[in-house]
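This report refers to the structure that appears directly beneath it.
Residue numbers (the UniProt record's numbering), protein chains in the order written: chain A, 1 to 372; chain B, 1 to 153; chain C, 1 to 158; chain D, 1 to 350.
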């Protein structure tokens, strides 16, 4: 280590490596912490341990093939990632998408959101030391994964969307299973509150730490539950509606506190909203085709296309620059996790190590989403 | 604010801007590197434009030129705009940083530096983000060659 | 007095939490959500659309439906599929015709994206539901899908 | 018990008194080591089973009937594992630390009256000795954290020091509240008093409060969740024993469970009448005392496991706030109330 680094911090401070193998970093995120006793003085994320350069790989792939790469970015909202790319390509080609496809995509996207949030809830509990929540979260998530597996053939990396529609029609059991899940989950979701949300220890640990103001949230590009907990209305489903979101009524959950407990509550309440969206749509899936025929080789017209969608973590942007060939000239994914990570240093400084873990858990980071 | 009004307003601040709406769903502004920072400051601080949300910052390699594309949105007016900046200098491309205007640019600019080798003046912590410090070359440039790791179909 | 009511409310929330876990403790016998793998190997049934690995079904005459059109090879994003083909003389018509020699499938590179199966015009390949894909040597992961001596099912190309 | 008396007489008839007493001590030590090992291993299994039942799982059920031999297999694995450590560790202290923890746990266990006669060491300062011994264990943890030359371990060790010193007060004070009623620190005397009703009944409201405070502080003493800041898996990886492996790790691990057993045993002895049966139903069969003692202890251990698998972990400053702002004032107040009650003769006795 060169001397300048050593001289940079005061004598009481020391540096500690959290990660790349650490239980609280949920993957291979490395945080270089500068600590004074237990108090965090500086957090420097070090990324790239799982970088696969998906953007460069996209430049050599056809548009159908790109879709399956996006499964591997934010693997907890893989369907929504697929949808983002497909919407971009469909808008560029000005394809007319059947209503059935839009509704099915929306239902599965909301199921994905619930699956992602239940996993987050389980892991959130584990990060603050309540290990049992993990299993309760996974119990509910498994039911959604079964629905996915029956319809799409895969539990996590589904690749169910293709430009123009869906790869195949929904399974005949899909509607029945989804309704069963809704009934099941409506009895389990209040338990989440009883077990964790109202717990005095949990609330004392979560309230008033990691505060992010609204202005900072916008400036840091925070999106999803992180932004909404700071009172920043950033739901893409409301502001730039896509698929079937314009035909359902749902509330955008907004909190003004901006602390970790607000972020926690936003996600819990969002699960209720997702349930209501699914309930509105599940009985009204229109009959019809499940895809619009496209050419085998898709060539986008020359130009630039941008599409944003709301994943479970926030706003995912897909930016395609096309020169008219069968591959994109430049493909950029604006991932929500990347922006949400960049504000970690801002909100974690001054807290304790335990606060950092709780704060990081409510940012809900998925490392492949950050690294791409 | 409509695209036309935006065009009229911004061209009154900085005279030599190029505007285009072709082949894109947004109004595209191309700005000279020297005027980038002043234009961005105006776009953010002016109450009529108020672009307070930088939702995407993309490094670009157009073959001859290197550049950065900024996607901006206003959370109050809900209008969007795209600002592009280019340079022909492939050896030492440099722009002014915008991370004192939007905090999120700090990480995004580091990503662009990492993959395109574009430097940003006055950036507080400009170093490699994903790749190791001793990585040779800038992988997302079009002329990057790596015979071992890149599989060309 | 808020000092004591704080303690009271705090203890109450703790007891509520304990009642939730306690309820599951009492129902633990029938409520286990885990699976006893690999004990249940014999009865474990995957969904019909489950993507285990790509296989090429053959009928009882050792005939398959692959014409060697290479659409799956083109559709594959990872290069998991390689088709070795040549032009052979069809014994029936006497004309030279494209025929597959080997349809090679690298399971180790496959990401189960299902694009090859969507691309296949003759439904020659499909998903198998087995998932026990671990082997001791990765060369075993390279598989030849068409059985030796197999030939094209008549009537597929029409 | 007659068996012990017979062995005692037989030994003294066989050899001179000094040799006989040494042999007797060794025998007792071996018996207690056996109890220690079995209790430790089966508490681990119990914890895993209970955790599984809370978490909708089945728990270990492969090795032996319903997994009864699982922890034996684990212990065997740990014994046969290579011992690794860091190069820059302070070797002497690093190797010494696990023994501190395990020996103090072993010493404490010798005091408990499992039945009227099955008690190895009945000194007149019993409770005092227990509190003193159980706080020596923290030295082992501090040494382990400091000597392994790892920052995570050091943070864990420092937290452990803070935590034990604070909660030692509450454990001591809540036991002192009960001692007011017995008038003796000797464990056999404490049990004797409870023949007129368990102390938690005799002392009613203040005794229940003392018991609750003791359970909270006792859980903190053993460094178990929700007070497991010393290990704090999601914050410090493994805390003070990050750099330990194999048998040395097993010592820490076993000691944690033995400490839990000790805390529960103290509660049983002081609050629930040790080996005494409820309402004196089996007083004429003294051997059943072991059964009652273990039943009560296991019930309290189960309560501690229930805490662990339900609650999130506290933060270090909240841990101290809980002790110094809530438990300690309540405890002192409780002590005064109890003293007044004893003075005015308001205790319930049958």
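Beta carbons are placed, not taken as given, at the ideal position from N, Cα and C, and that holds for glycine.
These figures come from a predicted structure and were not determined experimentally.
Checklist entry - Between residue 4 (chain A) and residue 245 (chain D), what straight-line distance do the alpha-carbon atoms span, to the nearest angstrom? => result Residue placement at residue 4 (chain A) cannot be trusted, given a pLDDT of 49 that sits under 50; the coordinates are not used to answer.
Next on the checklist: Please list the terminal residues of the continuous beta strand (DSSP E) segment that includes residue 109 (chain C).
Outcome noted: Here residue 109 (chain C) belongs to no beta strand (DSSP E), and DSSP marks it neither H nor E.
Checklist entry - Does any residue of chain B bring its CB to less than 9 Å from the CB of residue 1 (chain A)? => result Note that residue 1 (chain A) has pLDDT 41, beneath the 50 cutoff, so the model's placement of it is unreliable and no number is given.
Checklist entry - Are the Cβ atoms of residue 115 (chain C) and residue 159 (chain A) separated by less than 9 Å? => result yes
Checklist entry - Under three-state DSSP, which class holds residue 349 (chain D)? => result coil
Item to check | Completely contained beta strand (DSSP E) runs for the region 35–77 of chain A, where each covers 3 or more residues | outcome: Listed in chain order, the complete beta strand (DSSP E) runs (minimum 3 residues) inside the region 35–77 of chain A are 39–46.
Item to check | Backbone CA spacing between residue 126 (chain C) and residue 45 (chain A) [nearest angstrom] | outcome: The C-alpha of residue 126 (chain C) lies about 44 Å from the C-alpha of residue 45 (chain A).
Checklist entry - With 9 Å set as the bound, which would you pick, yes or no: does the beta-carbon of residue 321 (chain A) sit closer than that to a beta-carbon of chain B? => result Taking Cβ atoms only, chain B reaches closer than 9 Å to residue 321 (chain A), which makes this a yes.
Next on the checklist: So, does the region 142–151 of chain B touch the region 279–287 of chain D, judging by three or more C-beta pairs under 8 Å?
Outcome noted: No contact exists between the region 142–151 of chain B and the region 279–287 of chain D.
Next on the checklist: Residues of chain C with CB closer than 9 Å to the CB of residue 57 (chain D), please, in chain order.
Outcome noted: Within chain C, the residues 28, 32, 33 and 34 have their CB atoms less than 9 Å from the CB of residue 57 (chain D), given in chain order.
Next on the checklist: On the criterion of 16 or more Cβ atoms from any shown chain inside 10 Å, does residue 175 (chain D) qualify as buried, or is it exposed?
Outcome noted: buried
Next on the checklist: Taking 9 Å as the threshold (beta carbon to beta carbon), is residue 152 (chain A) in contact with chain C?
Outcome noted: yes
Checklist entry - By how many angstroms is the C-alpha of residue 262 (chain D) removed from the C-alpha of residue 6 (chain D)? => result 29 Å
Checklist entry - Tell me which same chain residues have a C-beta within less than 7 Å of the C-beta of residue 68 (chain C), skipping the five on either side of it? => result 83, 85, 98, 99 and 100
Next on the checklist: For residue 164 (chain B) and residue 122 (chain A), I'd like the C-alpha separation in whole angstroms.
Outcome noted: Absent from the model: residue 164 (chain B). The displayed extent of chain B is 1 to 153, so no value can be given.
Item to check | Three-state secondary structure (DSSP) of residue 25 (chain B) | outcome: coil
Checklist entry - When every heavy atom of the ligand NAD is checked, does at least one fall within less than 8 Å of the C-beta of residue 78 (chain A)? => result Looking for the ligand NAD in the displayed structure turns up nothing, as the structure carries no ligands at all.
Next on the checklist: Threshold first: 4 residues or longer. Then list the alpha helix (DSSP H) segments lying entirely within the region 226–281 of chain A, N to C.
Outcome noted: The region 226–281 of chain A contains these whole alpha helix (DSSP H) runs: 236–239.
Checklist entry - Name the chain A residues that come within less than 8 Å of residue 37 (chain B), Cβ to Cβ? => result Going along chain A, no residue has its Cβ under 8 Å from residue 37 (chain B), so there is no contact; the nearest lies around 16 Å.
Next on the checklist: Is it buried or exposed, residue 1 (chain A), if we count other Cβ atoms within 10 angstroms and call 16 or more buried?
Outcome noted: Unreliable placement is indicated for residue 1 (chain A), whose pLDDT of 41 sits below 50; the coordinate value is still reported in the next sentence. Exposed, since its Cβ has fewer than 16 Cβ neighbours within 10 Å.
Checklist entry - Residues in its own chain within less than 6 Å of residue 13 (chain B) by CB, not counting five upstream and five downstream? => result By the criterion of a C-beta distance shorter than 6 Å, residue 13 (chain B) is surrounded in its chain by 42, once the five residues flanking it on both sides are discounted.
Item to check | Beta carbon proximity, residue 14 (chain C) to chain D, threshold 9 Å | outcome: yes
Checklist entry - Is residue 99 (chain B) near residue 79 (chain B), with beta carbons less than 9 Å apart? => result In this structure, residue 99 (chain B) lies away from residue 79 (chain B), with their beta-carbon atoms at least 9 Å apart.
Checklist entry - Count the other CB atoms within 10 Å of the CB of residue 9 (chain C); is the residue buried (16 or more) or exposed (fewer)? => result exposed
Next on the checklist: What would DSSP say about residue 79 (chain A), mapped onto helix, strand or coil?
Outcome noted: helix
Checklist entry - Taking the Cβ atom as the reference point for each residue, do residue 191 (chain D) and residue 76 (chain D) lie within a distance shorter than 9 Å? => result no
Checklist entry - Between residue 53 (chain A) and residue 139 (chain B), is the Cβ-Cβ spacing less than 9 Å? => result yes
Checklist entry - Can a CB atom of chain A be found closer than 9 Å to the CB of residue 7 (chain B)? => result no
Checklist entry - How would you write the range of the alpha helix (DSSP H) that residue 99 (chain D) sits in, first residue to last? => result 91–109
Next on the checklist: Given this structure, state the Cα-to-Cα distance separating residue 55 (chain D) from residue 62 (chain C), to the nearest angstrom.
Outcome noted: 51 Å
Checklist entry - So, does the CB of residue 308 (chain A) fall closer than 9 Å to a CB anywhere in chain B? => result Interface residue, yes.
Next on the checklist: Need the endpoints of the beta strand (DSSP E) that residue 142 (chain B) sits in, please.
Outcome noted: No beta strand (DSSP E) holds residue 142 (chain B); DSSP gives it neither H nor E.
Item to check | Simplified DSSP assignment, three categories, for residue 46 (chain B) | outcome: coil
Item to check | Rounded straight-line distance, which links the Cα of residue 87 (chain B) to that of residue 35 (chain B) | outcome: 13 Å
Checklist entry - Which residues of chain A have a Cβ atom closer than 8 Å to the Cβ of residue 114 (chain C), listed in chain order? => result Counting only Cβ-Cβ distances below 8 Å, residue 114 (chain C) has contacts in chain A at 153, 159 and 167, in chain order.
Checklist entry - Does DSSP put residue 244 (chain D) in a helix, a strand or coil? => result coil
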